[in-house]
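Okay, structure first, notes after.
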Amino acid sequence: MTNNLTDIAAVFDALSNETRLQIFRILVEHSKEGITPTEISALMNDFPRNTLSFHLSLMANVGLCSSEKQGKQIFYKPNCCLIKQITKFLLTDCCNGGCNC
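The structure is reproduced here in structure tokens:
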């Protein structure tokens with residue numbers, strides 16, 4: 021991740037959608053082992069799989085998550101490092117570079 025404002029804005033744009041924000045929180049809750057779309061759908065009250073696929077794809081395109089195929093299943097994990105980098109970027113000049121907030 022660079023300090024490219026276009027890339028950072030794309031991440032915020034993806035997270036500005038309530039559904040994607042909910043999906044990202046689910047990914048974070050299951051970050052250690054990963055989670056399948058079927059499991060995500062169940063946690064979201066049987067959210068439609070085709071719509072979920074759209075959201076996961078968009079999130080992967082901006083770097084918010086990654087996927088790994090294991091057998092016939094695909095497991096998704098969040099890119100928590102990206103969120104940490106963006107937070108660091110946002111707070112770089114806070115308190116003259118030594119954020120104490």
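Each residue of the sequence shown is one higher than the last, beginning at 21 in the working numbering.
All C-beta atoms in this analysis are idealised placements derived from N, C-alpha and C, irrespective of residue type, glycine included.
Whose C-beta lies closer than 7 Å to the C-beta of residue 98 among residues of the same chain, with five residues either side of it excluded? Here the set comprises 44, 47, 48, 51, 84 and 85.
Please determine if the segment 31-41 and the segment 69-84 are in contact, where contact requires at least 3 C-beta pairs separated by less than 8 Å. Taking 8 Å as the limit for Cβ pairs, the verdict is that the segment 69-84 does touch the segment 31-41.
Three-state secondary structure assigned by DSSP to residue 51: Assignment of residue 51 by DSSP, reduced to helix, strand and coil, places it in the coil class.
Tell me which residue opens and which closes the alpha helix (DSSP H) that residue 92 is part of. Premise fails: residue 92 is in no alpha helix (DSSP H) and is neither H nor E.
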